[in-house]
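Taken in order, these protein sequences are the chains called A and B. Under our numbering, the first residue of the first sequence is numbered 1, with each subsequent residue one higher. Under our numbering, the first residue of the second sequence is numbered 101, with each subsequent residue one higher.
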Amino acid sequence: MKHIAKIMTFLVAITAVWISLLQTAMIPQSHTWLLPLYLIVSLGCYGLLMVGVGLMQFPTCPQEAVLLQQDVIEAKQFLKHNGVDVGSD
Amino acid sequence: MELADRAIGFILASISVTIFTYYTFWVIILPFVDEDHFVHNYFLPQEYAILLPVYAGVCLICFLSVFIGYVMLKSKKKKA
Numbered sequence: 001m002k003h004i005a006k007i008m009t010f011l012v013a014i015t016a017v018w019i020s021l022l023q024t025a026m027i028p029q030s031h032t033w034l035l036p037l038y039l040i041v042s043l044g045c046y047g048l049l050m051v052g053v054g055l056m057q058f059p060t061c062p063q064e065a066v067l068l069q070q071d072v073i074e075a076k077q078f079l080k081h082n083g084v085d086v087g088s089d
Numbered sequence: 101m102e103l104a105d106r107a108i109g110f111i112l113a114s115i116s117v118t119i120f121t122y123y124t125f126w127v128i129i130l131p132f133v134d135e136d137h138f139v140h141n142y143f144l145p146q147e148y149a150i151l152l153p154v155y156a157g158v159c160l161i162c163f164l165s166v167f168i169g170y171v172m173l174k175s176k177k178k179k180a
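Printed below as a string of structure tokens:
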């Protein structure tokens with residue numbers, strides 16, 4: 001709940017700045033109207049960048065995979081020994 | 101497989117950086133450059149800065165709706 005409050009205040013602040021820019025006409029109106037769209041585009045770019053970086057640095061641990069397979073074999077043997085049907089692999 | 105994932109991640113990151121730089125230059129910096137400067141030859145007119153993202157967003161939403169509908173139909177058929 002706190003996080004959403006932070007985001008909402010951020011949005012309200014940005015909207016206030018934008019409306020004040022519209023009112024004071026410091027820069028031409030046509031360019032002020034482009035700013036929200038620019039914000040959305042940059043947000044999309046940020047998301048895409050984060051997905052790309054996450055894919056690039058996706059951690060893999062091959063040693064853990066080997067250990068997990070060993071555990072699976074051990075558990076299957078134990079279950080078979082105690083008369084539980086786990087199917088054949 | 102790992103290398104392919106890495107390559108896709110790199111491509112996604114570079115695409116996003118490219119779009120961000122180009123769009124920033126187009127929207128933020130270009131209005132302050134003189135009208136008859138040669139840089140203007142490399143950019144579309146200012147209206148397209150609005151039209152293209154809106155068009156892309158509408159396409160994205162259409163694609164998402166179609167995809168969600170397709171998945172829902174498929175899962176319903178499997179249940180029956």
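For glycine and all other residues, C-beta sits at the position ideal for the given N, C-alpha and C.
Contact check for Gly109 of chain B and Leu49 of chain A: beta-carbon distance about 10 angstroms, past the 8 angstroms limit, so the pair fails to qualify. Chain A places no beta carbon closer than 7 angstroms to that of Asp134 of chain B, leaving this residue out of the contacts.
The Cβ atoms of Pro153 of chain B and His31 of chain A do not sit closer than 7 angstroms to each other.
Identification of residues in the region 7-36 of chain A having a C-beta nearer than 9 angstroms to some C-beta of chain B yields Ile27, Pro28, Ser30, His31, Trp33, Leu34 and Leu35, given in sequence order. Annotation for Phe167 of chain B: the continuous alpha helix (DSSP H) segment containing it runs Tyr148 to Lys179. Boundaries of the alpha helix (DSSP H) harbouring Thr9 of chain A: Lys2 to Thr24, taken from the DSSP string.
Against chain B, the beta carbon of Cys45 of chain A has neighbours under 7 angstroms at Ser116, Ile119 and Phe120, listed in chain order. With contacts defined by Cβ atoms closer than 7 angstroms, Ile119 of chain B and Cys45 of chain A form a contacting pair.
Apart from sequence neighbours up to five positions away, the residues of its chain that approach Leu39 of chain A with a beta-carbon distance below 8 angstroms are Ile14, ordered along the chain. Counting C-beta pairs closer than 8 angstroms gives fewer than three between the region 66-85 of chain A and the region 130-146 of chain B, which falls short of the contact rule. Going by C-alpha positions, Ile7 of chain A is about 16 angstroms away from Ser42 of chain A.
A Cβ-Cβ distance of about 30 angstroms is found for the pair Gly52 of chain A and Ser175 of chain B, leaving them out of contact under the 8 angstroms criterion. Around Leu21 of chain A, the same chain offers Thr32 as residues with beta carbons nearer than 6 angstroms, after the five sequence neighbours per side are excluded. Residue burial annotation: Ala113 of chain B is buried, with at least 16 other C-beta atoms found within 10 angstroms of its C-beta.
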